[in-house]
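Chain order of the listed sequences is P and B.
Here the numbering used here is used: the first residue of the first sequence is 145, the next is one more, and so on.
Here the numbering used here is used: the first residue of the second sequence is 6, the next is one more, and so on.
In this text, a Cβ means the ideal position worked out from N, Cα and C, and glycines have one as well.
Model, not experiment: these values are computed from the prediction.
Comments concern the structure below.
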Amino acid sequence: MSVWLGLRARLRSLLHRSATDARMKEEMQMHLELETDRLVASGLEPAEARRQARIAFGVAESYKEEMRAQRRMPYLEAFYRDVRYALRTLARDRSFAVVAVGTLALGIGAATVTYSVVHGIMLRDLPVAQAQDVAVLWQAPSLGADEHLPVSYADLQAYRESSRAFSALAGVAFQGAVDVVMLSGDEALPLAVTWVTGDFFPLLGIAPARGRLLRPEDDAVGAEPVTVISNETWTNQFGSDTAILDRTLQLDGRLHRIVGVLPRGFSFPRHVDAWLPVLPSYPATIEASADPSQAMVFDLVGRISSGTQLRAAKAEFDAFLRDRESERPSAMRGMRAVLTSLPERVYGDISTALWAASAAVLVLLMMACVNVANLLLIRGSIRTQELAVRSALGAGRARIVRQLLTESFVLATCGGLLGVILAAVCVRVIGSLAPPTLPQREMIALDGGVLLAALVITMLAALIAGLLPALLSARGDLSLWLRGGHAAPPGAAFRLLRPALVVGQVAMALLVVICAGLFVRSLRSMQQLDMGFDTTRLMVVETMLPAGSIAERERLVLLQEDAISRLAALPGVSTVTAMPKPPFSAQGGWLAPFSGESQTDEQFAANPVVNLEVVGPAYFETFGISILRGRSFTDGDREGSEPVAIISRSIAQRAWPGENPIGKRIKLGPPTGRGAWHTVVGETGETRYRDLLTSQPNYYLPTRQFAGPVPLSFAVRTAPAAVVPIARVHGVLSEAHPELRVVSSGSMRERLAEPLAGPRFTTVLFTTFATITLLLAVVGVYGALSASVRDRQRELGIRMALGATAAQVTSIVLGQCVRIAAIGCVVGVVLAWATSRLLRSLLIGVSTTDATTYAAVTALVLVAAVLAGYLPARRAGRVDPVAVMRGE
Amino acid sequence: MSPQNHADARGSLDLLVLKTLSLAPLHGWGIGQRLEQLSAGALEVSQGSLYPALQRLEHGGAITSEWRVTDNNRRARYYSITAAGRRALATETASWKRFASAMDIVLRAT
């Protein structure tokens, strides 16, 4: 406490020097007056009293000097003086200050933003106890595609008993979150839910933000259905309502009481809004008639026992799966274990992109520092006379270096402040632009840790940018410069440094711009993917029927058909169909294995899993899916008539290579399974309806022949040049069937934007980086060439005196610029060739060595470099040979 | 003004000022007067030397200061002792006493 008080007093006296001095004088004056008054009161004459008082006081000036000496803090004072001087000189050279501060602001701002993103997503610990010891397990076929297959409930229970590598094992519903619509009171909320076993949360060791989390007691048949919600859901959907624990969410007719809220930063599996316990509420799957313990399917989450390695745990699970083979249907033979740690599962697939972005930003920061260093170097060579005078007046080299370092520190601080402000704006923009699939996106913020990192980055930038030129500027024989009065030619090593720096900058810019170009092309190819159906003039309306309102299947089918016919009757509507799931709902669709008529068990095991669609007759017409062979469904395909199916081409090729599939028989599940055989009546192409990035094989069944849930969402195709307002569609539905609630509606084009959100985000990010990097490179080329021209003034002046024209001199300088830029481009292309393969996993439809991109970018960078060099080259042409010869 | 009664030696002056201020807050002139009072005239302080001592103590955090208005309606800077100052006073007094008795022992030796 006392040290702080004392320090504050010292600082105050330092900063308010004149005020402190005045106070000192006033106090001493007051003292003299009081003493004089006392002496007068004791009988002396005023004049005599004053004299005596002054004698008694002592020599006031010496005391004042003593006090002033006490107040000095030499280092701080010197620093303060240097800072003020730096500010003054920067204010004089406005353009330099703006460019330098701007450059640093860009570099520091970009670095801060990237760090906040990386920190929020990857570096921050999940709110799970020892997350690195938690693993996620599933199985995949040994042969065939790299698929993600679930583990059955029976297997989960068996493995839990027998495992030694895992101290605890829980299950989470297969493939993560499913989009459903839950009712909160009267409001329909689209939420992503998942089902977990009772020991899931205890295993993870998460501390709830409110209430409690699911417990083993909640996961029992007949237990009260409860649920816990994510922090984001609590904030966004419920407005952080403090009475959240009393509310309920209804799903499929069952009321789930909200008993807790998760802390921020946890939404495993992907972006789950609500977790439900398995036994009270797991929905029936297609194979509901089969053994329930085979029907409930999970990914496993396990905590690895202390002392066990990840590899050993995986080996144990592998052995377990092989042991269980004998007890499985032939469908599930030959499985191998797949195991990843929890953090890897959460952000593993985005970590490549993030590291790429970090590398790009580091390059950017380096370039910014190098640019500023270059600019300071130029300034240094201009100021040699001033520095020489300082040196002559007694400043040692260390003192001059300290002063130059202070200048770069001031620049960096201004740049850093501006950069942090920029970063704050950008982080907010990212928060709104970031795709919903970005893991941990709610944790991206400019918090204390990030600001501290920004400070460190700033100081580092100041050091790097300032040290090099400071050391170089202060060197050399100053007496020569004092006499000569003009900038001394740089030494040999120094002469190589500047062009090397420029080459480096051009190369780096090329690298980053190429990466951005690749991303742009990748995005465009994704946007132009053939969806397999006609995405124009298509409207998608998702609805939901609160459970309990209509139970009988027949009534639901009638409801669906009535809605379809009413919508079809609207003017401007061509065809309408019902669809089971909205587009791009990759998980939560119905997936099943299939077997063709003549396939063996081994062939069945190698078959890919297909996407099952339950559709009405107008489906193919509405979606514009062409029937390649055979026919579409008709009204004749209903209960009681022959079971039929329409399959996509890849299924046909798999089951009967080279043959016509029409008339052949096919079924879901293994050849010897309980499913019924369907006759193939039609063949279609593949579509990307389920997942934009992978075209999936589709297996179509007619609604009326299918015993599962009745699809109640609709797709409406409008006639060319017809406009059907969404409000009318809503109106028709709510008039006829008010119990049917519309959850979302929009055109198919709008929905297409969703799966592209991630790649678009990456592309925007890299394009921004690329622009900034290119800008910096241009500034760098300009600066370096300006300096070079200044250095070569004598030489160029002599050339002109000897007869060279201005144009010739200009072309000499431009030639130098082009040479350096060309070398830079070559280095850059080589670098890009070598490193862009790291981005392969992020690019679709374009190779990492795409010639068009490389060529276009190289041309762009060359042109930019030449443009940057144009002004200095012109200035070179205007050198006055007479003035140069005279030695000015 | 006999030399041996001069209390200008830095350490002892600080101690005296602290002691004075521990009794009541005062301004510079008042401290000088009180010191003379307390020592019944035995100690004389060159009045100006108080001010460097006061600044020193303030920079060390042992005392704080603020502007106040005196009875005569004039502005004066009043100093008061802090908690840390009191602690320092206690320590320094103890060490001074130890020093004095040590000197005493040596000087009494024959």
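Taking Cβ to Cβ, would you say residue i is nearer than 7 Å to residue j?
i	j	result
S449/P	S306/P	no
H175/P	W34/B	yes
S70/B	R80/B	no
M723/P	A332/P	no
L23/B	L94/B	yes
W282/P	D443/P	yes
G826/P	G819/P	no
P369/P	D343/P	no
G583/P	G409/P	Position check: residue 583/P holds Pro in this sequence, whereas Gly was assumed. Result no, Cβ atoms of P583/P and G409/P do not sit closer than 7 Å.
T907/P	V664/P	yes
V933/P	A1020/P	yes
A931/P	A965/P	no
G610/P	L549/P	yes
R455/P	V278/P	no
I86/P	T828/P	Absent from the structure is residue 86/P, since the part of chain P shown begins at 145 and ends at 1032.
L566/P	P903/P	no
P864/P	V754/P	no
A1003/P	V646/P	no
A866/P	V824/P	no
A336/P	A353/P	no
G404/P	R480/P	no
V1023/P	G941/P	yes
Cα separation between residue i and residue j?
i	j	result
L234/P	S502/P	32 Å
M172/P	A47/B	24 Å
L519/P	A578/P	36 Å
M511/P	T557/P	18 Å
T25/B	H32/B	11 Å
D109/B	I68/B	32 Å
I810/P	H881/P	37 Å
E221/P	L62/B	21 Å
R216/P	A153/P	12 Å
S140/P	R697/P	Because chain P in this structure spans residues 145 to 1032, residue 140/P falls outside the shown range and cannot be described.
V316/P	V441/P	8 Å
L622/P	E530/P	Here L622/P scores only 46 on pLDDT, less than 50, and its place in the model should not be relied on; the value that follows carries that caveat. Distance between the alpha carbons of L622/P and E530/P is about 10 Å.
L920/P	F913/P	10 Å
G349/P	Q394/P	27 Å
V720/P	L703/P	14 Å
P407/P	A1012/P	52 Å
Exposed or buried, which one is residue i when buried takes at least 16 other CB atoms within 10 Å?
i	result
Y998/P	buried
Y259/P	buried
K725/P	buried
W419/P	buried
T680/P	exposed
A29/B	exposed
E786/P	exposed
L151/P	exposed
I522/P	buried
S742/P	exposed
D781/P	buried
K458/P	buried
N1063/P	Residue 1063/P cannot be examined here, being either before or after the span of chain P that is shown, 145 to 1032.
Q960/P	buried
G329/P	exposed
Next on the checklist: Closer than 7 Å between beta carbons: that is the criterion. Which residues of the segment 52–63 of chain B meet it against chain P?
Outcome noted: Q52, G53, S54, Y56, P57, Q60, R61 and E63
Checklist entry - In chain order, what residues of the segment 80–113 of chain B put their CB closer than 8 Å to some CB of chain P? => result R80, A81, R82, T87, A88, A89 and G90
Item to check | Residues within the segment 24–37 of chain B neighbouring chain P, beta-carbon criterion of under 7 Å | outcome: G33 and W34
Checklist entry - Going along the chain, which residues of the segment 147–163 of chain P sit with their C-beta nearer than 7 Å to a C-beta in chain B? => result V147, L149, G150, A153 and R154
Checklist entry - Considering only residues of the segment 187–223 of chain P, which uninterrupted beta strand (DSSP E) runs meet the minimum length of 3 residues and lie entirely inside it, listed in chain order? => result none
Checklist entry - Which ranges would you report for the alpha helix (DSSP H) in the segment 678–731 of chain P if only whole runs of at least 4 residues count? => result 697–712
Next on the checklist: Short of 9 Å Cβ to Cβ, which residues in the segment 185–212 of chain P face chain B?
Outcome noted: A197, A200, F201, G202, V203, A204, S206, Y207, K208, E210 and M211
Next on the checklist: What ranges does the beta strand (DSSP E) occupy inside the segment 275–347 of chain P, keeping only unbroken runs of at least 3 residues that lie completely in it?
Outcome noted: 278–285, 310–317, 322–328 and 331–340
Checklist entry - Can you list, in chain order, the stretches of the beta strand (DSSP E) that have 3 or more residues and sit fully within the segment 748–807 of chain P? => result 754–759, 771–774 and 788–792
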